[in-house]
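So the sequence lines, in the order shown, correspond to chains S and V. Numbering-wise (the numbering used here), the first sequence opens with residue 6 and increments by one. Numbering-wise (the numbering used here), the second sequence opens with residue 90 and increments by one.
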Amino acid sequence: GEDVEQSLFLSVREGDSSVINCTYTDSSSTYLYWYKQEPGAGLQLLTYIFSNMDMKQDQRLTVLLNKKDKHLSLRIADTQTGDSAIYFCAERGGNTGKLIFGQGTTLQVKP
Amino acid sequence: AAGVIQSPRHLIKEKRETATLKCYPIPRHDTVYWYQQGPGQDPQFLISFYEKMQSDKGSIPDRFSAQQFSDYHSELNMSSLELGDSALYFCASSYKIETGGIPPYFGPGTRLTVT
């Protein structure tokens, strides 16, 4: 079945790198996504990776995909206080393209 | 750039009332998804439409129904509201799912409070 797991909380110091991890179960997933949600706000698409890629870099964000282990990670370089939010990974597969979300990782950035 | 529009942004209803949430997808997007996010929860898929036909169904209660219209906007109708229906309701749109396509973009959400 479809299931996406994330650790629930991560705390880092400003300027450090943050690594948020995610595991998924659906091997047919075609795309994997990272969304950011600030308190009371909507879901902001950060980046996504196609399942035949190992890595994707976009400015301060690096996504690593280990398809064999069904493990996805999001690295945020030089983390800033404005990066404090909940980060959701999501897998997308099947014919209809619905997203299945993980529980979300709350990132706390301390000054 | 145009984004997904949802209305209303906030809605307060009493138990047993009905509510209608509206979603206007990004122009040329042909697929609409509805999600429900309870407090402290991850978004849960409710239902989706592709080219005005229901394409997938998730954990949507029988009290809820939805449709997509000829102009591709979608409405989520909720009846016999319960306290547990209080949540953020997100609509997302995308284009050409069958080709892998553009990632779904989410609207700002409608916050429904049932008292």
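No residue lacks a Cβ here, since even glycine has one placed at the ideal position from N, Cα and C. Since this is a predicted model, take the numbers as computed values, not measurements.
Note down, in chain order, every chain S residue with its Cβ under 9 Å from the Cβ of residue i.
i, result
"V:Thr120", "Thr101 and Gly102"
"V:Ser175", "What V:Ser175 touches in chain S: nothing, since even the nearest Cβ is about 14 Å away."
"V:Gly147", "Lys103"
To which residues does DSSP link residue i through a beta bridge?
i, result
"S:Phe123", "The structure shown does not extend to residue 123 of chain S, since chain S is modelled only from 6 to 116, so the question has no answer here."
"S:Arg97", "S:Tyr36 and S:Leu104"
"S:His76", "S:Thr28 and S:Asn71"
"V:His162", "Looking at the DSSP assignment, V:His162 forms no beta bridge with any residue, so it has no partner."
Quick check: the Cα distance between residue i and residue j, rounded to an integer number of angstroms?
i, j, result
"V:Val203", "S:Ser12", "31 Å"
"V:Tyr178", "S:Arg18", "33 Å"
"V:Ser154", "S:Lys115", "44 Å"
"V:Lys104", "S:Thr30", "38 Å"
"S:Gln108", "S:Phe93", "7 Å"
"S:Thr84", "V:Phe158", "43 Å"
"V:Tyr139", "V:Trp123", "12 Å"
"V:Asp174", "V:His118", "28 Å"
"V:Pro192", "V:Val121", "12 Å"
"S:Phe106", "V:Ala91", "25 Å"
"S:Gly6", "S:Leu69", "In this prediction, S:Gly6 scores a pLDDT of 48, lower than 50, which makes its location untrustworthy; the coordinate-derived value is nonetheless stated afterwards. The straight-line gap from Cα to Cα measures roughly 23 Å."
"S:Ala90", "S:Glu43", "5 Å"
"S:Asp63", "V:Lys141", "35 Å"
"S:His96", "V:Glu106", "It is worth fixing the name first, because residue 96 of chain S is Glu in this sequence and not His. Taking the straight line from one Cα to the other gives about 35 Å."
"S:Leu50", "S:Thr101", "19 Å"
Residue i touches chain V at which residues, Cβ-Cβ below 7 Å?
i, result
"S:Phe93", "Asp131"
"S:Arg106", "A small fix is needed here, since residue 106 of chain S is Phe in this sequence, not Arg. Under the 7 Å cutoff, chain V gives Asp131 and Pro132."
"S:Gly20", "In chain order: nothing, as chain V lies at least about 29 Å away."
What residues of chain S sit near residue i, judged by a beta carbon separation below 8 Å?
i, result
"V:Tyr194", "Leu50"
"V:Pro197", "Ala46 and Gly47"
How would you list, in chain order, the residues of chain V whose beta-carbon sits under 8 Å from the beta-carbon of residue i?
i, result
"S:Gly109", "Asp131"
"S:Tyr29", "Under the 8 Å cutoff, chain V gives no residues; its nearest Cβ is about 13 Å from S:Tyr29."
Counting only beta-carbon atoms, is residue i nearer than 7 Å to chain B?
i, result
"S:Tyr53", "Looking at the structure shown, chain B is missing, and the protein chains on hand are S and V."
Review point. If we count Cβ pairs, one from each stretch, closer than 8 Å, do we get three or more for the stretch 159-172 of chain V versus the stretch 34-43 of chain S?
Key: no
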